DNA sequence: CCGTATCCGGGCGGATACTG
DNA sequence: CAGTATCCGCCCGGATACGG
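Spelled out as structure tokens, the structure:
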């Protein structure tokens with residue numbers, strides 16, 4: 007069973023991985039895990055995302071077949087976003103990764119502190135460059 | 007069982023996820039999955055990464071406790087990089103994600119083609135802006 | 001409410017040159 | 001071989017204003 011990241015599609019897979027790692031994409035997928043959400047509701051829940059980025063993120067996810075966009079022709083307009091089967095299938099490994107991240111945050115923090123105290127934290131004091 | 011991405015550490019988890027999604031970090035972790043590698047060997051295998059970025063990526067991974075850096079005081083110097091237990095534990099969900107990406111590349115491609123033909127591909131022809 | 005367009009600053013990351 | 005330092009273009013992404 008050879009590796010999935012063999013030279014040929016290594017770049018392509020990496021590309022998908024980047025999308026997964028994309029800050030907003032992941033949060034959107036997480037948020038849409040259970041329910042369909044409207045634009046601003048999604049925006050409120052995520053918090054800290056600009057309108058522009060949410061739009062762009064959703065468009066990309068839609069284009070990649072991860073989310074469905076449903077427009078209700080009411081006034082004012084209502085737009086609902088939900089995961090597609092493909093999106094839901096992605097949700098699972100992402101969830102696993104999220105679980106890992108959540109569990110290992112303390113480990114990472116400790117590793118960083120250890121590293122920073124070993125190598126000088128003072129190294130970051132080069133920001134105090136001028137007298 | 008509430009969500010792992012509740013407001014409190016939502017940002018932190020997302021931060022870790024971003025690192026995972028980072029193009030080079032993921033490739034490094036994948037490459038180091040089975041064996042320890044030297045700097046330039048790693049660089050050659052990844053392909054397309056600049057010396058600067060490989061250094062930065064390795065430093066960050068080291069600081070986060072994902073990889074071990076071992077210097078053999080020979081001449082010329084030899085430096086070997088290997089996954090730590092923490093790094094190896096990350097490797098698993100990443101591998102799962104890689105598997106997903108590999109399996110679903112065709113689906114994503116088809117979704118994109120469908121999307122692009124539905125909405126005008128010509129939209130991207132706005133690059134031909136001037137007469 | 002939902003989305004697009006425009007402006008613009010900051011940082012990511014490649015290229016290059018230089019050390020031990 | 002392994003790494004640091006510097007320069008610099010480019011694109012990401014926030015802010016803002018406007019349209020349906």
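Protein chains in written order, with the numbering used here: chain A, 7 to 137; chain B, 7 to 137. For each residue, glycine too, the CB sits at the ideal point set by N, CA and C. Values in this document were obtained by computation on a predicted structure and should not be read as measured data.
Can you list, in chain order, the residues of the stretch 107-121 of chain B whose Cβ is nearer than 7 Å to any Cβ on chain A? 107, 108, 110, 111, 113, 114, 117, 118 and 121
Backbone secondary structure at residue 81 of chain B - three-state DSSP: Residue state, collapsed to three classes: coil.
Does any CB atom of chain A fall closer than 7 Å to the CB of residue 123 of chain B? no
Bridge-paired residues (DSSP) for residue 87 of chain A: A/43 and A/75
Chain B contacts from the stretch 76-102 of chain A (Cβ-Cβ distance under 9 Å): 90, 92, 95, 96, 98, 99, 100, 101 and 102
With contact counted as at least three CB pairs below 8 Å, one residue from each stretch, are the stretch 66-79 of chain B and the stretch 34-41 of chain B in contact? yes
Does DSSP put residue 122 of chain A in a helix, a strand or coil? helix
Would you say the beta carbon of residue 89 of chain B comes nearer than 6 Å to a heavy atom of the ligand FMN? Among the ligands in the structure shown, none appear at all, so the ligand FMN cannot be discussed.
Listing by chain order, which chain A residues have their CB less than 9 Å from the CB of residue 49 of chain B? None at all; the shortest Cβ gap to chain A is about 14 Å.
How many Å lie between residue 61 of chain A and residue 126 of chain A at the Cα? Between residue 61 of chain A and residue 126 of chain A, the C-alpha separation is close to 42 Å.
Residues in the stretch 29-46 of chain A with C-beta within 7 Å of chain B's C-beta atoms, listed in sequence order? Sequence-ordered contacts of the stretch 29-46 of chain A with chain B read 29, 32, 33 and 36 [C-beta pairs closer than 7 Å].
Short Cβ contact (7 Å threshold) for residue 23 of chain A with residue 107 of chain B: Yes; because the gap between Cβ atoms is below 7 Å, this pair is in contact.
Rounded to whole angstroms, what's the CA-CA distance from residue 4 of chain A to residue 44 of chain B? Just pull it up for me. Because chain A is modelled from 7 through 137, residue 4 of chain A falls outside the range shown and cannot be assessed.
Given a cut-off of 7 Å on the beta-carbon distance, is the pair residue 104 of chain B and residue 26 of chain A in contact? no
Comparing the C-beta of residue 62 of chain B with each C-beta of chain A, is any distance below 7 Å? no
Tell me the rounded alpha-carbon separation between residue 122 of chain B and residue 67 of chain A. 13 Å
My assumption, with CB atoms under 8 Å, is that residue 42 of chain A sits in contact with residue 86 of chain A. Please give the rounded CB distance. 5 Å between Cβ atoms; contact.
For residue 39 of chain B and residue 9 of chain A, the rounded distance between their alpha carbons: Confidence in residue 9 of chain A is poor, its pLDDT being 48 and thus under 50, which makes the residue's placement too unreliable to answer from.
May I ask you to report which of helix, strand or coil DSSP gives residue 103 of chain A? helix
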